[in-house]
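If you read the sequences in order, they're chains A and B.
This note's numbering puts the first residue of the first sequence at 747, with every later residue one more than the last.
This note's numbering puts the first residue of the second sequence at -15, with every later residue one more than the last.
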Amino acid sequence: MKPSSSQSVLFATSEVSLPSQPRSAKAPVSNGVVGMLIFMVTEAMFFAALISAYMVIRAGLEEWPPWGQPRLPVETTAFNTLVLLVSGLLMGYSRTLLKKNKIAEGRRWLGISILLGTFFLISQGYEWVQLLQFGLTVSSSVYGGLFYLIIGAHGFHVMGTLVALSYAWNRLGASENQITPEGLFPAQLLWYFVVCVWPILYVLVYLT
Amino acid sequence: MSQATAAIQTDTHAEHHEELNFLHKYILPVDHKVIAMQYIFTGLIMAIIGGYFAYAFRMQLAFPGELVPFYGLVGPGEYNMLVTNHGTIMIFWVAMPVLIAGFGNFLIPLMIGCDDMVFPRLNRLSYQIFLVSALVLIASFFVTGGGFGGAWTAYPPLSSVAEYSLTDWGASLWILAVALEFVSFLLGGINFVTTAMNARAPGMKMWDIPIAVWFIVIAVILFMASVGPLIAGSVMLFMDQRIGTSFFLPSGGGDPLLWQHLFWFFGHPEVYVVLLPTLGIVADIITVFSRKKLFGYKTVIYTAFATGGLSFVVWAHHQFIAGIDPRMANVFVVTTVLISIPLAEMMFSYIATLYGGSIELKTPMLWALSFIAAFLIGGVTGIYLGASAVDVYLHDSYFVLAHFHYTFFPITIIGMFAALTFWFPKMFGRMMNETLGKIHFWGTFIPFNCIFLPLFFLGLAGQHRRIYNYNHFPDLATQELQNIRIFATVSLVVMLCFQLVFVYNFFVSMFKGEKAPENPWNANTLEWSIPSPPPHGNFKTLPTVYRGPYEYSVPGREMDYWPQHVPPEES
């Protein structure tokens, strides 16, 4: 049971691969990226289901948001959205740097991107605490339930991706067992996904 | 066979084969073959539980209110729990793990010629989560109130309110187990598709992949694309049960129909998710035992794509009487009936493969042929149910039940036995006993028809599905109908008894059977080019593939088969 050399633990490639030959005649896209793309299809369907659930339940109610429920903080969240989008752009920038083999510089921008993502998460958490104080809970109305379900599902994805990216950031600076830019790419892809889903959810839940 | 290619390349393999200790070989394996065995054996154990449940509630239906031997008294709540968990277990913990996860794990690397899955640890994690999900499900039978009894479709509000279902934690553990199981197959599925795309042996082009692998991969893609909504739905149902949201409760502003849409958006593709692997396995078996090229290889694959695509737009045919808009129902009638076209095309391709072949009626072939026959009955009766006008009468009757057992029994049980008897030599290195295999086949197939054919008539007579004792319904409690119920139940008991023959054959053959050669069936695909059972790492050197998988009885060749890895002869 040798530890894998270049990639994160779960995405480690086979331990019994045959060194003398490539595993395949041609693999235009790496294993990690194919796996992540398939995973993203499932994730897209998951969010599509949440969005359709929101729209179906909303269409069945006359008053939205229901009487007595607090309004959501549109402006603060708009700023938050901006922070997340910038984080996504910086992730792309760090990827171009890493591809040019500027590891130290790419790692720095990756770190800044992770920090912005963390800011988004903390800011959202602070927003939740306030909303709870204003009386919006999961059981106060189906409006509150949907809010916490959808925004919470997205928040979990942000958190999970940030953990993976931080782990990769750490491994990128390690003296041995360094992760390669290609090994990092699947986690970055997931970050793009998380960033791209957010504006849709923002428009759906906060604006309309 | 394999020496031809082995001679070309030097053996670089030995250094990677340090002997693994017992813990790493069998408890925490990364070898796809061991993980496949774990899935298959777990699935078979769950099948025993599911069969036992079926026995208990069938006995209650035949002899209502009497003590069931080896079980006890079946009360109404318990009856619901047995029916619900029979369905859940057979679909999610038998069909999925054995056919997709088990045989997918075993066959994909062997058939495409690589040493292991591309993410072996993801694979191991997938099985571990699956095992936890099975344990959670079993635990749900023993909590206060007993296991969940709201049918495997778990329609709210019955499933979401503890005061209605009377199974507070049973319902929650049930939905938790189902969600965990999906996570497990999500991880496994990522692995399967990536492996089949990226790790094929040199020379194996898209149209050289055996149908079994193609279909498992298509099934996995269907699963991945459809499971998201049900995961979302499960989370919402769990929140409704435990933290007081009201997504599916009309009193709190929710919509109970929403669950049905989320469930069936997954639930209907799921039918094809379990069907396609069996269809693929059957395609491989009938070509080997009729010594003929598969008729319309590409057509068969295209029909699978068409079936998969259509399966996403038929889900509401489960809800014709749930109160959906009749105009919408019409659309779903059209798509539902449309889906029978690609499947019929596939069936005709299989029958055309058999036509004019030199058919050998070995046990796996018997299973494969019986699959085609039984599945056709299931498919044809489905057309009646797909028409919304007829469905209004037949919905939730035993006609529906007989229909889907005529699809699911062939898919799950017959498909499983076909695959197990066919690949048994490769899995365990020994041959199964043919005579016992045939006794088991007839002892299963005849009683199977005796169980479910009568149920069509019970359904047409108006017998509703979810009633535990028909004595309370004078129209349904007649002696005539009761005799049919008793006949079906006796047939079930006979069928279950014949499974002992299989268990005996399986274990005796595993240890004492005749040693299997590399290629006992004279088949073409790559898994038959290596020793039985394959060593850790499968291939000594990566094979090179020269041709498609179904080159049987090629004119001008001495042998009637032409393995994929044998280089073409110099002319």
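C-beta atoms are modelled at their ideal positions from N, C-alpha and C, and glycine is treated no differently.
Please report the Cβ distance between residue i and residue j, rounded to the nearest whole angstrom; I am assuming they are in contact, meaning their Cβ atoms lie under 8 angstroms.
i                            : j                            : result
threonine 179 of chain B     : isoleucine 92 of chain B     : 6 angstroms
leucine 460 of chain B       : tyrosine 382 of chain B      : Actually they do not touch by this definition, with Cβ atoms about 10 angstroms apart.
threonine 473 of chain B     : methionine 43 of chain B     : 6 angstroms
tyrosine 952 of chain A      : leucine 818 of chain A       : 5 angstroms
proline 253 of chain B       : phenylalanine 199 of chain B : About 14 angstroms separates the two Cβ atoms, so there is no contact after all.
phenylalanine 126 of chain B : threonine 151 of chain B     : The Cβ separation is near 12 angstroms, so there is no contact.
tyrosine 536 of chain B      : valine 550 of chain B        : The pair is not a contact, with the Cβ atoms about 14 angstroms apart (cut-off 8 angstroms).
asparagine 522 of chain B    : isoleucine 514 of chain B    : 6 angstroms
isoleucine 305 of chain B    : isoleucine 193 of chain B    : Actually they are not in contact, since the Cβ atoms of isoleucine 305 of chain B and isoleucine 193 of chain B sit about 42 angstroms apart, beyond 8 angstroms.
leucine 882 of chain A       : proline 816 of chain A       : 5 angstroms
Closest to residue i by CA distance: which of the options is it?
i                            : options                                   : result
threonine 926 of chain A     : A:Ser859, A:Leu830, A:Lys846 and A:Met791 : A:Lys846
phenylalanine 359 of chain B : B:Leu263, B:Leu442 and B:Pro501           : B:Leu263
tyrosine 55 of chain B       : B:Ser168, B:Phe41 and B:Leu45             : B:Phe41
tyrosine 839 of chain A      : A:Thr827, A:Arg854, A:Leu828 and A:Leu895 : A:Arg854
tyrosine 800 of chain A      : A:Leu828, A:Leu936 and A:Gly890           : A:Gly890
valine 709 of chain A        : B:Phe316, B:Ser493 and B:His245           : In the structure displayed, chain A extends from 747 to 954; residue 709 of chain A sits before or after that span and is not available.
threonine 68 of chain B      : B:Met80, B:Phe37 and B:Pro81              : B:Phe37
glutamate 502 of chain B     : B:Leu420, B:Phe412 and B:Leu115           : B:Phe412
alanine 805 of chain A       : B:Asp99, B:Asn175, B:Asp239 and B:Gly86   : B:Asp239
threonine 954 of chain A     : A:Glu928, A:Gly881, A:Asn923 and A:Ile797 : A:Ile797
alanine 328 of chain B       : B:Thr347, B:Ala313, B:Ala357 and B:Gly340 : B:Ala357
alanine 336 of chain B       : B:Thr271, B:Met349, B:His302 and B:Leu385 : B:Thr271
methionine 223 of chain B    : B:Leu442, B:Ala196, B:His549 and B:Ile159 : B:Ile159
aspartate 15 of chain B      : B:Leu278, B:His520 and B:Asp380           : B:His520
leucine 861 of chain A       : A:Tyr894, A:Thr827, A:Leu908 and A:Arg917 : A:Leu908
alanine 31 of chain B        : B:Met208, B:Ala118 and B:Glu344           : B:Ala118
Give a yes or no on whether 8 angstroms exceeds the smallest Cβ distance from residue i to chain A.
i                            : result
valine 177 of chain B        : yes
alanine 288 of chain B       : no
leucine 294 of chain B       : no
phenylalanine 199 of chain B : no
isoleucine 159 of chain B    : no
valine 102 of chain B        : yes
isoleucine 227 of chain B    : yes
asparagine 467 of chain B    : no
leucine 246 of chain B       : yes
valine 257 of chain B        : no
leucine 57 of chain B        : no
methionine 220 of chain B    : yes
aspartate 253 of chain B     : A quick correction: the sequence has proline, not aspartate, at residue 253 of chain B. Chain A, which has no Cβ nearer than 8 angstroms to the Cβ of proline 253 of chain B, makes this no.
phenylalanine 6 of chain B   : no
aspartate 192 of chain B     : no
Measuring only between beta-carbons, confirm whether residue i sits less than 8 angstroms from chain B.
i                        : result
alanine 771 of chain A   : Summary for alanine 771 of chain A: the model assigns pLDDT 46, below 50, so the residue's position carries little reliability; its value from the coordinates is reported in the next sentence. Yes, because at least one Cβ of chain B sits closer than 8 angstroms to the Cβ of alanine 771 of chain A.
threonine 954 of chain A : no
glutamate 789 of chain A : yes
serine 885 of chain A    : yes
Is residue i buried or exposed, if buried means 16 or more other CB atoms sit within 10 Å of its CB?
i                         : result
glutamate 553 of chain B  : exposed
tryptophan 407 of chain B : buried
glycine 540 of chain B    : exposed
histidine 456 of chain B  : exposed
asparagine 89 of chain B  : buried
lysine 276 of chain B     : buried
tyrosine 452 of chain B   : buried
cysteine 98 of chain B    : buried
isoleucine 29 of chain B  : exposed
tyrosine 534 of chain B   : buried
tryptophan 813 of chain A : exposed
threonine 405 of chain B  : buried
serine 833 of chain A     : buried
tyrosine 488 of chain B   : exposed
proline 409 of chain B    : buried
glutamine 924 of chain A  : exposed
serine 342 of chain B     : exposed
glutamate 62 of chain B   : buried
serine 751 of chain A     : For serine 751 of chain A, the pLDDT reaches just 37, beneath the cut-off of 50, and the residue's location in the model is therefore unreliable, although a value from the coordinates is still provided. Flag for serine 751 of chain A reads exposed.
Report the neighbours of residue i on chain C: residues whose CB is nearer than 7 angstroms to its CB, in chain order.
i                         : result
isoleucine 113 of chain B : The chain inventory of the structure shown lacks chain C, comprising the protein chains A and B.
Extract the residue ranges of the beta strand (DSSP E) inside the stretch 418 to 454 of chain B, only unbroken runs of 3 or more that lie entirely within it. none
Hey, which unbroken runs of the alpha helix (DSSP H) at 4 residues or more fall wholly within the stretch 28 to 88 of chain B? 60 to 72
Contiguous beta strand (DSSP E) assignments of at least 3 residues, all confined to the stretch 862 to 922 of chain A: none
Which runs of the alpha helix (DSSP H) at least 4 residues long sit entirely within the stretch 317 to 377 of chain B? Give them in chain order. Listed in chain order, they are 324 to 338 and 347 to 370.
Please give the ranges of any beta strand (DSSP E) in the stretch 199 to 274 of chain B, keeping only runs that are unbroken, at least 3 residues long and fully inside the region. none
At 4 residues or longer, what runs of the alpha helix (DSSP H) sit wholly inside the stretch 446 to 496 of chain B? Listed in chain order, the alpha helix (DSSP H) elements of length 4 or more contained wholly in the stretch 446 to 496 of chain B are 463 to 496.
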